[in-house]
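See structure below.
Residue numbers (the working numbering), protein chains in the order written: chain F, 5 to 134; chain C, 5 to 134; chain U, 5 to 134; chain D, 5 to 134.
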């Protein structure tokens with residue numbers, strides 16, 4: 005039986021989150037709870053469910069469903085999370101979450117940060133010269 | 005310059021979190037904020053800092069330092085997080101965080117869950133027989 | 005344009021491979037090339053293609069298609085890789101690769117290894133006693 | 005005992021490899037065996053050993069030590085792998101591997117690829133216009 009448990013552990017796998025999300029999410033305007041909610045959505049997507057219901061998400065969180073719904077609504081409205089609507093090949097309409105807006109903001113923040121560092125370095129070097 | 009930014013992104017890497025942490029943390033008694041704090045500590049450890057200060061952690065969170073300190077104290081006390089004290093080869097004392105208690109609880113929960121599923125399956129099969 | 009490249013990098017993501025695969029694959033009877041081929045198949049599966057053709061795999065490898073086909077055939081035959089056949093909900097037949105046999109062998113090897121270590125420790129402790 | 009095995013599995017963790025390495029390594033001039041060797045070195049680094057010996061690497065591979073040494077020498081010479089020499093804070097000289105040259109080549113290839121796609125799209129759109 006233990007082997008079966010081991011196997012399900014391996015097959016469930018890991019969720020791999022860019023390290024910079026942890027260092028940047030506050031700077032790009034997210035609260036701890038909002039980031040946690042995005043991590044849950046990411047975890048669902050990575051495991052093959054790209055449009056989890058508010059109930060499914062809230063079931064895993066200590067937030068209740070109303071708080072969760074409100075928070076997700078706000079994330080969509082403030083453009084951290086996108087709901088994509090489409091029509092599949094066999095004509096079925098679908099909706100799915102996309103974290104693309106989040107990644108775009110992370111990239112912007114990263115670029116800003118690195119530019120800042122490079123400028124700081126240049127100032128430093130100039131300072132050393134004179 | 006963009007190449008340098010790209011490189012730092014790759015070198016900073018990802019934090020790989022067992023999927024089951026997201027589905028189980030509430031069941032094992034953690035709140036969303038407590039789990040988020042553990043993820044920050046994990047992220048620091050993975051990037052080579054195994055004893056981040058409360059200030060360093062709070063700087064990345066919307067929690068303030070006092071809340072963060074209190075929360076970490078509670079996690080240690082309730083045995084989700086461990087502080088290991090030791091002496092390195094060259095005689096320097098150190099402290100570091102270990103997430104081992106968290107993993108042990110996750111494993112226990114996983115075993116419990118899988119047992120439940122297996123029993124449910126057996127009942128189901130018995131039900132089908134009669 | 006650089007932002008778009010960054011985005012595709014993030015969205016393409018990482019392939020997360022159990023560390024033990026690297027330390028154990030030789031012990032469980034795989035060659036370097038066989039393991040590399042399994043990693044390619046794993047990478048395809050993780051990116052949503054669970055039955056890549058031999059051509060698709062060989063295109064990424066310095067092996068040619070014939071060598072690749074032969075190698076995959078041998079992996080299936082020797083039970084490191086499984087081809088699962090099924091019928092989807094809308095009645096379409098499908099085939100897909102499963103790495104379950106590989107994970108089972110890794111688990112067996114890991115159990116064997118840990119048992120060995122525990123026994124060695126016990127002997128060591130007994131040795132210390134007398 | 006199974007819990008302990010589970011724990012060591014979690015603590016050993018995963019090696020997270022950029023997906024593009026699998027799709028690009030052949031294009032940037034690496035053979036399957038060379039890429040596998042780089043993956044081993046990466047796995048050692050990720051697990052805290054940043055200068056594994058040729059013996060340690062070859063022990064996990066079906067290549068023998070001589071072949072492994074030769075292959076690593078060639079990777080360094082052709083600038084896919086770098087050996088960094090330095091002096092630590094307490095005055096000890098060290099050597100360590102860096103995969104930075106590999107990442108730089110991957111980034112270059114990725115930029116080239118995306119540019120190609122964008123140009124192909126533009127041509128396509130122009131074609132559609134007339």
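The beta-carbon is built from N, C-alpha and C at its ideal position, and this holds for glycine as well. Quick caveat, the model's predicted, so the values are computed rather than measured.
| Check | Outcome |
| --- | --- |
| Below 8 Å on the Cβ atoms is my contact criterion, and I expect residue 36/F with residue 67/C to pass it. Report the Cβ-Cβ distance as a whole number of Å. | 6 Å |
| Assign residue 45/D to buried or exposed, taking buried as 16 or more other Cβ atoms, counted over all protein chains shown, within 10 Å of its Cβ. | buried |
| Considering just the uninterrupted stretch of the beta strand (DSSP E) at residue 10/C, what are its terminal residues? | Element bounds for residue 10/C: not the beta strand (DSSP E) but the alpha helix (DSSP H), 6-16. |
| Looking at the structure shown, is residue 105/F part of a helix, part of a strand, or coil, going by DSSP? | helix |
| Does the count of Cβ pairs from the segment 118-128 of chain C and the segment 110-123 of chain U closer than 8 Å reach three? | no |
| Taking DSSP as the reference, what is the three-state secondary structure of residue 20/C? | strand |
| Over the uninterrupted alpha helix (DSSP H) stretch that includes residue 77/D, give me the two end residues. | 69-81 |
| Hey, how far is the Cα of residue 34/F from the Cα of residue 22/F? | 16 Å |
| Is it the case that the segment 10-29 of chain F contacts the segment 57-65 of chain F, given that we only count it when at least three CB pairs across the two stretches are under 8 Å? | no |
| What does the alpha-carbon distance come out to for the pair residue 59/F and residue 58/D? | 53 Å |
| Going residue by residue through the segment 23-66 of chain D, where are the continuous beta strand (DSSP E) segments of at least 3 residues, counting only ones entirely within it? | none |
| Note down the Cα distance separating residue 114/D from residue 124/U, rounded to an integer number of angstroms. | 49 Å |
| Counting only beta-carbon atoms, is residue 10/D nearer than 8 Å to chain F? | yes |
| Are residue 99/U and residue 87/U closer than 8 Å when you measure CB to CB? | yes |
| Does the beta carbon of residue 16/C come closer than 8 Å to any beta carbon on chain D? | no |
| In chain D, what lies closer than 8 Å to residue 26/U by C-beta? | 19, 43, 44, 47 and 64 |
| Chain U partners of residue 51/D, CB-CB under 7 Å? | 23 |
| Determine the chain C residues that contact residue 5/F at a beta-carbon separation under 8 Å, and present them in chain order. | 118, 119 and 122 |
| Less than 7 Å between C-beta atoms, sequence neighbours within five positions excluded: which residues of the same chain meet that for residue 39/U? | 29 |
| Locate the beta strand (DSSP E) running through residue 96/C, then write down its first and last residues. | From DSSP, residue 96/C is part of no beta strand (DSSP E); its letter is neither H nor E. |
| Write down the C-beta distance between residue 55/C and residue 101/C rounded to the nearest angstrom, noting that I regard them as a contact closer than 8 Å. | 6 Å |
| Quick one: what does DSSP say residue 128/U is sitting in, helix, strand or coil? | helix |
| Inspect the beta-carbon positions of residue 116/D and residue 84/D and report whether they are closer than 8 Å. | no |
| Please tell me whether residue 110/F and residue 32/F are closer than 8 Å, where the distance is taken between their beta carbons. | yes |
| Three-state secondary structure (DSSP) at residue 134/D? | For residue 134/D, the predicted structure reports a pLDDT of 49, less than 50, and the residue's modelled location is therefore unreliable. A value from the coordinates is still provided. Coil at residue 134/D, not helix or strand. |
| Any heavy atom of the ligand ADP closer than 7 Å to the Cβ of residue 126/C? | This structure lacks the ligand ADP; in fact it carries no ligand of any kind. |
| Sort 97/C, 53/C, 48/C and 24/C by Cα distance to residue 51/F and report the nearest one. | 24/C |
| Can you say whether residue 5/D is buried or exposed, counting buried as having 16 or more other CB atoms within 10 angstroms of its CB? | exposed |
| Would residue 82/D count as contacting chain C if we go by Cβ distances under 8 Å? | no |
| Check whether chain F comes within 8 Å of residue 109/U, counting only Cβ atoms and requiring the distance to be less than that. | no |
| Would you tell me roughly how many angstroms separate the C-alpha atoms of residue 48/C and residue 11/C, rounded to the nearest one? | 19 Å |
| Considering only the alpha carbon of each residue, which of 96/F, 82/F and 8/F lies closest to residue 105/F? | 82/F |
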